[in-house]
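Only one structure is covered here, and it is reproduced in the block below.
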Amino acid sequence: MNEEQAVSIGQIAKLIKSNSKAKVIFLVGAGISTPCGIPDFRSPGTGLYDNLAKLNLPYAEAVFDIDFFQGNPQPFYTLAKELYPGNYEPSKFHHLMRVFQDKNRLHRVYTQNIDTLERCAGILGDRLVEAHGSFARNHCIDCRKEYPQEYFKDSMAEGKEFARCAVCKGLIKPQIVFFGENLPSRFFSMWDNDVKTLNEDNIVIVVGTSLAVYPFASLPAEVPRKVNRALINLQKVGDFKTKPRKSDIIFKGSSEVAAEELAKELGWSEELVTLVDSATRRTRLAKEQGTSIASKDDRKQLDNVLHELEKLNLRENERDTLLGKKEQKEKHNENHNGVSEQEQEKK
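Under UniProt numbering, read the sequence shown as residues 1 to 347, first letter to last.
Below you can see the structure in the form of structure tokens.
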């Protein structure tokens, strides 16, 4: 870590240590998952779009185009087998966010990632907003019948070409947001509520994202000026580049390095190492047994643990949860569209 990075980490840590009420909102992207071995979408030669180009798609983004999927689902299913939960373990930054939660310093995690690694790290459901959906839920694109995560996974494990609906034989698709689909209403309702209640006790930290896909890319600009913002990324992006604020804290570098150093500055290194080591042992055991990282028994145990944690945190969380539900209901009928950088280029 160089001197400039050390100063940035020190500034972030100072904001947290100097205020016992300080809680963090993380806005995260693919950069926190690439250390896990998951390729991002845009890195030349290594991104998912480059890999999918080998499948002779009309254009790389077609794999996430709902109209294309209905006519040719094979490329997406090929991608799904690669990205499916259980193939990867969380990064150090995922685990750091879990430490923030355990220390009661986490307000919310907004993620653009569909890999569910935040869930794998133990981030509670009411603290997590998956802006672009995830593999956790699935539905038939024709009759809309919902299916559990295991149904889609088992279909792939059995070598079936596609996952089909038991009712109408339509295609089963994870609730991942495709181009041409609306973002989850919960994303809008939770953010609307959070941005209204942000105050000097909050810190918004943006990590590992190009801020290229809207509406997620607009979130940092909507943070009130009285609230501190920080960026942990390889380079300046979005509002941090075009409309920087005097109080902005910029850490240029790897999110993994940032996780280690921030944990050290906050005195949380032991907790972080414990979580990382535990995940590594689970992965090693799963490989030795020839099973996935997250077996059904593991998921059941994890669900039980999370349920108990949710009960313990109920008083702390119930205000945010109830407000979130209220906002979600009020905005249920609103029509929000996510416009991607790629869609704009096509136009």
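Virtual Cβ for every residue (Gly too), placed ideally from N, Cα, C. This one's a predicted model, so the numbers in the text were calculated from it and none came from an experiment.
Quick one: give me the first and last residue of the beta strand (DSSP E) that residue i is part of.
i: residue 175; result: 172-176
i: residue 94; result: Not the beta strand (DSSP E): residue 94 falls in the alpha helix (DSSP H), residues 92-102.
i: residue 130; result: 128-130
i: residue 138; result: 133-140
i: residue 108; result: 106-111
i: residue 146; result: 146-148
Beta-carbon separation of residue i and residue j under 9 Å?
i: residue 118; j: residue 177; result: no
i: residue 17; j: residue 259; result: no
i: residue 108; j: residue 26; result: yes
i: residue 131; j: residue 175; result: no
i: residue 35; j: residue 256; result: yes
i: residue 219; j: residue 110; result: yes
i: residue 123; j: residue 101; result: yes
i: residue 152; j: residue 166; result: no
i: residue 65; j: residue 179; result: yes
i: residue 262; j: residue 9; result: yes
i: residue 23; j: residue 113; result: no
i: residue 229; j: residue 213; result: no
i: residue 223; j: residue 231; result: no
i: residue 30; j: residue 279; result: no
i: residue 57; j: residue 75; result: yes
i: residue 208; j: residue 1; result: no
i: residue 424; j: residue 221; result: No information on residue 424 is available, as it lies outside the stretch 1 to 347 that the chain covers here.
i: residue 201; j: residue 19; result: yes
i: residue 94; j: residue 33; result: yes
i: residue 69; j: residue 173; result: yes
i: residue 106; j: residue 140; result: no
i: residue 88; j: residue 115; result: yes
i: residue 268; j: residue 15; result: no
i: residue 129; j: residue 190; result: yes
i: residue 227; j: residue 199; result: yes
i: residue 77; j: residue 161; result: yes
Grab the span of the alpha helix (DSSP H) containing residue i for me, first residue to last.
i: residue 238; result: 238-242
i: residue 71; result: 66-71
i: residue 75; result: 74-83
i: residue 118; result: 117-120
i: residue 194; result: 185-197
i: residue 222; result: 219-222
Who pairs with residue i in a beta bridge, going by DSSP?
i: residue 206; result: 27, 231
i: residue 245; result: DSSP, once it has assigned bridges, lists no residue as partnering residue 245.
i: residue 114; result: Per DSSP, none; premise fails for residue 114.
i: residue 250; result: 231
i: residue 179; result: 65
Residue i by DSSP, collapsed to three states: which one?
i: residue 88; result: coil
i: residue 324; result: Since pLDDT at residue 324 reaches only 44, below the 50 mark, its modelled position is unreliable, and the value read off the structure follows with that caveat. Three-state result, residue 324: helix.
i: residue 12; result: helix
i: residue 4; result: helix
i: residue 38; result: coil
i: residue 162; result: coil
i: residue 18; result: coil
i: residue 124; result: coil
i: residue 33; result: coil
i: residue 169; result: coil
i: residue 55; result: helix
i: residue 212; result: coil
i: residue 314; result: Because residue 314 sits at a pLDDT of 39, beneath the cut-off of 50, its placement in the model cannot be relied upon, and the following sentence gives the value as read from the coordinates. The answer is helix: DSSP assigns residue 314 an H, G or I state.
i: residue 201; result: coil
i: residue 153; result: helix
i: residue 319; result: In this prediction, residue 319 scores a pLDDT of 38, lower than 50, which makes its location untrustworthy; no coordinate-derived value is stated.
When every heavy atom of the ligand SAH is checked, does at least one fall within less than 8 Å of the C-beta of residue i?
i: residue 18; result: Looking for the ligand SAH in the displayed structure turns up nothing, as the structure carries no ligands at all.
Does residue i have its Cβ less than 9 Å from a Cβ in chain D?
i: residue 78; result: Given the protein chain composition of this structure (a single chain), no chain D is represented.
Legend entry - Segments of 4+ residues assigned as alpha helix (DSSP H) that fall wholly inside the region 252-288: Within the region 252-288, complete alpha helix (DSSP H) segments of at least 4 residues are found at 255-266, given in chain order.
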